[in-house]
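Before any comments, here is the structure.
In the numbering used here, the protein residues as written are 1 to 134.
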């Protein structure tokens, strides 16, 4: 497997606080193109098999989190205009995507019947990689 470099990008807050940085992996252009092809293939598979809810926003082309906010604001306005009450709970998922357990991801993809050859490729891509920090 090819080597890749991991570096940190400042997110927000105090630039002297290491927890205010996000780790990113820098890979070759060929690797990025392959990732894009695989992502598009899996996304199409999920849409074709109706695994994604119509309420899924973010990380999906044409369904940004801004669009989600506009849709929910429209829904809440309609509810409030009818005299009903709106209750909301806010959660902070700021660090939820910083790390993804690879084994759990592979098990989840397998449970969705992702092709075995594609699963093997993803496993080889994710596991036992050599890395360095710049």
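Glycine included, every Cβ here is placed at the ideal spot set by N, Cα and C.
Distance, residue j Cα to residue i Cα
i: residue 119; j: residue 106; result: 7 Å
i: residue 1; j: residue 108; result: The predicted position of residue 1 is uncertain, since its pLDDT is 44 and thus under 50; a value taken from the coordinates is nonetheless stated next. Whole-angstrom Cα-Cα distance: 23 Å.
i: residue 65; j: residue 58; result: 5 Å
i: residue 51; j: residue 93; result: 22 Å
i: residue 41; j: residue 33; result: 12 Å
i: residue 67; j: residue 73; result: 10 Å
Where residue i falls: helix, strand or coil (DSSP)
i: residue 9; result: strand
i: residue 60; result: coil
i: residue 141; result: Examination of residue 141 is not possible in this model, given that the chain is present from 1 through 134 alone.
i: residue 2; result: With a pLDDT of only 48 at residue 2, under the threshold of 50, the placement of this residue in the model should not be trusted, and no figure is reported.
i: residue 40; result: helix
Residue from the options whose Cα sits closest to the Cα of residue i
i: residue 215; options: 14, 60 and 128; result: Coverage of the chain is limited to positions 1 through 134, which leaves residue 215 absent and any answer about it impossible.
i: residue 83; options: 89, 75 and 39; result: 75
i: residue 126; options: 99, 112, 115 and 113; result: 99
i: residue 62; options: 51, 43 and 113; result: 43
i: residue 69; options: 85, 17 and 90; result: 90
Residue i: first and last residue of the uninterrupted alpha helix (DSSP H) it sits in
i: residue 54; result: It is not in any alpha helix (DSSP H) - residue 54 carries neither H nor E in the DSSP assignment.
i: residue 164; result: With the chain covering only 1 through 134, there is no way to say anything about residue 164.
i: residue 66; result: 65-81
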